[in-house]
Amino acid sequence: MDSETGSGAAGPPDGSTDEGTAPPGDGTRDGGAEPTLPPYPSNLGPPALHVLGQMRDLLGFSERAHRTGDVIRTRRPGTGDDYHLSHPDHAKRVLLTDRESFRKSEDFRIAFGEGLLTVEGEAWRRQREALRPLFTRDSVREYADGMVEQIARRSRRWADGDRLDLQHEFTRMTLDVLFATVLGRELEPDGDRRLREAAEDLHEWFVPTSYLLPQWVPTPSRRRFERAKAALGEEADRLLAERRADPPTDPSAAEDLLSLLVGLRESGAVDAGTLTDERLRDQMVTVIFAGHDTTTTTLTFAFWALANDPEVRERFHEEVDRLDGPPTAGDLDDLEVTERVITETLRLFPPIYALPRETAEAVVVDGYRIPAGEQVFLETRLIQRDPRFFDAPEEFRPSRWDEDLRRELHDFAYAPFGGGPRICIGREFALVEAKLALATIGREYELYWIGENDADGEPPVSPGMTLRMAEGQEFLVTER
Numbered sequence: 225m226d227s228e229t230g231s232g233a234a235g236p237p238d239g240s241t242d243e244g245t246a247p248p249g250d251g252t253r254d255g256g257a258e259p260t261l262p263p264y265p266s267n268l269g270p271p272a273l274h275v276l277g278q279m280r281d282l283l284g285f286s287e288r289a290h291r292t293g294d295v296i297r298t299r300r301p302g303t304g305d306d307y308h309l310s311h312p313d314h315a316k317r318v319l320l321t322d323r324e325s326f327r328k329s330e331d332f333r334i335a336f337g338e339g340l341l342t343v344e345g346e347a348w349r350r351q352r353e354a355l356r357p358l359f360t361r362d363s364v365r366e367y368a369d370g371m372v373e374q375i376a377r378r379s380r381r382w383a384d385g386d387r388l389d390l391q392h393e394f395t396r397m398t399l400d401v402l403f404a405t406v407l408g409r410e411l412e413p414d415g416d417r418r419l420r421e422a423a424e425d426l427h428e429w430f431v432p433t434s435y436l437l438p439q440w441v442p443t444p445s446r447r448r449f450e451r452a453k454a455a456l457g458e459e460a461d462r463l464l465a466e467r468r469a470d471p472p473t474d475p476s477a478a479e480d481l482l483s484l485l486v487g488l489r490e491s492g493a494v495d496a497g498t499l500t501d502e503r504l505r506d507q508m509v510t511v512i513f514a515g516h517d518t519t520t521t522t523l524t525f526a527f528w529a530l531a532n533d534p535e536v537r538e539r540f541h542e543e544v545d546r547l548d549g550p551p552t553a554g555d556l557d558d559l560e561v562t563e564r565v566i567t568e569t570l571r572l573f574p575p576i577y578a579l580p581r582e583t584a585e586a587v588v589v590d591g592y593r594i595p596a597g598e599q600v601f602l603e604t605r606l607i608q609r610d611p612r613f614f615d616a617p618e619e620f621r622p623s624r625w626d627e628d629l630r631r632e633l634h635d636f637a638y639a640p641f642g643g644g645p646r647i648c649i650g651r652e653f654a655l656v657e658a659k660l661a662l663a664t665i666g667r668e669y670e671l672y673w674i675g676e677n678d679a680d681g682e683p684p685v686s687p688g689m690t691l692r693m694a695e696g697q698e699f700l701v702t703e704r
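The numbers in this note's numbering rise by one with no breaks, and the one at position 208 of the sequence shown is 432.
In structure tokens, the structure reads:
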């Protein structure tokens, strides 16, 4: 049975005791001796070549590295070492019990300015409180009809026999949903090209071939990112000007994000310094990135998984066929099979596959020392595929999510949205949208994977800021 076992000091995930282990003495405590730095994985060659392995196959590199243990370090050219943690105990510490020692990294601040993803301390608390009304369970469910309208508007354009790159198609769909429901602006299905391209190019800062290089290197990816951020900033300025011209007299009655934030500022309910135009602009860029990408990735991999598992696909279609019509907010709690499909998809393919942090002070993890100011990656994907916590962890098995597993599982062995006080504020939005999209599409279509899985039976993936399906992977649309 899948369950919680062990602690952060346990052996490597594959249960080995000698393959690729660190040299004796690395990271051990000899009486009162100072803890040492974590070892470089001995199965990955010279540290100077780590970056080449990561650029070629980032996920495979990480999997091989953590066969040697739960706490390792890798070498990055020009900047020093990165540190990697891969146990639920580490996740609990980073996200909850010792979170002040692990702050957001500089890369997030460069990418998103002073949006909710990046700010710390009291500034974060004030921003989160300002945003919370739009993302409560009840508020999100009020978006349900609008979500389904946008999902159906795009999926109705599909025809029997179409071949779709779902990663691209769902990017368009989830951006439609986000703008119509949260930002109060309906996008043109075949228009708003510059805006759509900009939303897509926010990923460019984090592609492995660029992200692993020193920040001063002017790569093509970084230039595309800067152009994207500027384009979204212009759209934010335009929308802000509209909202300032007619701010809501009662911020609690605002129907979109910018109206709420402008209303809070103009009414004095929130300190104006918290919601300057620059911070509102950063907030919009943050919401555009985080507000559509998670659902895009989840839907793409969910339909891949259903296409590869006829038995689960049949149960899924039986469930959505029992609906009286398009799904509504009132149907959400009854879609149990659909929910398990989403939960299992997020376990296998968490959008944030490695959560970056930076040490605010020197810390000791499992007897190893990590200095202050160092980049730390919490390896979410590896934790969620660890055989110490999940039976047959590489298999897509929605049925595993029964009450026994949920009761016994380590609280941080499954954390696709993070955890602790900074758990993703848009979690409910993403889950509701994914469930409604699966049900809406599943009632009308079957989507068959016509790409090629790899030797492990998995689809080609592209790890950037988020884990995505590789470009050009197609599905065949079949009307039901």
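Even for Gly, the Cβ is constructed at its ideal location relative to N, Cα and C.
For residue i, three-class secondary structure by DSSP
{"i": "M689", "result": "coil"}
{"i": "F430", "result": "helix"}
{"i": "Q391", "result": "helix"}
{"i": "D306", "result": "strand"}
{"i": "P265", "result": "coil"}
{"i": "V275", "result": "helix"}
{"i": "F326", "result": "strand"}
{"i": "G339", "result": "coil"}
{"i": "A422", "result": "helix"}
{"i": "P471", "result": "coil"}
{"i": "R396", "result": "helix"}
{"i": "F653", "result": "helix"}
{"i": "D495", "result": "coil"}
{"i": "W382", "result": "coil"}
{"i": "Q507", "result": "helix"}
{"i": "T245", "result": "In this prediction, T245 has a pLDDT of 37, which is less than 50 and means its spatial position is unreliable; nothing more can be read from the coordinates."}
{"i": "E695", "result": "coil"}
{"i": "F403", "result": "helix"}
{"i": "W528", "result": "helix"}
{"i": "E373", "result": "helix"}
{"i": "G251", "result": "Residue placement at G251 is flagged as unreliable, the pLDDT there being 43, under the threshold of 50; the coordinate-derived value follows with that caveat. Residue state, collapsed to three classes: coil."}
{"i": "W713", "result": "Look at the range of the chain in this structure, 225 to 704, and you will see that residue 713 is not part of it."}
{"i": "T260", "result": "coil"}
{"i": "D331", "result": "helix"}
{"i": "D501", "result": "helix"}
{"i": "R451", "result": "helix"}
{"i": "D678", "result": "coil"}
{"i": "F285", "result": "helix"}
{"i": "I665", "result": "helix"}
{"i": "G515", "result": "helix"}
{"i": "H311", "result": "coil"}
{"i": "G408", "result": "coil"}
{"i": "R621", "result": "coil"}
Integer-rounded CB distance, given that residue j should sit under 8 Å from residue i
{"i": "H541", "j": "G666", "result": "6 Å"}
{"i": "A653", "j": "F332", "result": "For clarity, residue 653 is Phe in the given sequence; the question names Ala instead. F653 to F332, Cβ: 20 Å. No contact."}
{"i": "N267", "j": "R291", "result": "7 Å"}
{"i": "H742", "j": "L602", "result": "For residue 742 there is no data in the structure shown, the boundaries of the chain being 225 and 704."}
{"i": "A383", "j": "A422", "result": "The pair is not a contact, with the Cβ atoms about 29 Å apart (cut-off 8 Å)."}
{"i": "A479", "j": "G591", "result": "The question names Ala, but residue 479 is Glu in the sequence shown. 53 Å between Cβ atoms; not a contact."}
{"i": "A347", "j": "L485", "result": "Not quite, the Cβ-Cβ distance comes to about 14 Å (not below 8 Å), so this is no contact."}
{"i": "S310", "j": "I607", "result": "6 Å"}
{"i": "T690", "j": "T521", "result": "6 Å"}
{"i": "L319", "j": "R630", "result": "Going by Cβ atoms, the distance from L319 to R630 rounds to 19 Å, so no, they are not a contact pair."}
{"i": "T303", "j": "P442", "result": "About 16 Å; that fails the 8 Å criterion."}
{"i": "A663", "j": "L547", "result": "7 Å"}
{"i": "V685", "j": "L283", "result": "7 Å"}
Option in the options with minimal Cα separation from residue i
{"i": "I375", "options": "D305, P271, L523", "result": "L523"}
{"i": "S491", "options": "L481, S476, R505", "result": "S476"}
{"i": "D626", "options": "R564, P611, F525", "result": "R564"}
{"i": "S445", "options": "W429, D386, Q439", "result": "W429"}
{"i": "A596", "options": "S325, L283, E287, M279", "result": "S325"}
{"i": "R381", "options": "E668, P683, Q697", "result": "E668"}
{"i": "F636", "options": "K659, D610, P622", "result": "D610"}
{"i": "W440", "options": "P301, R361, V587", "result": "P301"}
{"i": "E412", "options": "R396, E424, T405", "result": "R396"}
{"i": "T583", "options": "R323, V275, F285", "result": "R323"}
For residue i, the residue or residues it bridges with in DSSP
{"i": "L700", "result": "R387, Y672"}
{"i": "T298", "result": "D306"}
{"i": "E642", "result": "Looking at the sequence itself, residue 642 is Gly, so the reference to Glu does not match. For G642, which the question treats as bridged, DSSP gives the partners P640."}
heavy atom of the ligand MN below 6 Å from residue i C-beta
{"i": "W673", "result": "Looking at this structure, you won't find the ligand MN or any other ligand, since it has none at all."}
Only counting runs of 4 or more residues, tell me where the alpha helix (DSSP H) segments fall wholly within the stretch 531-610, in order along the chain. 534-545, 560-572, 604-608
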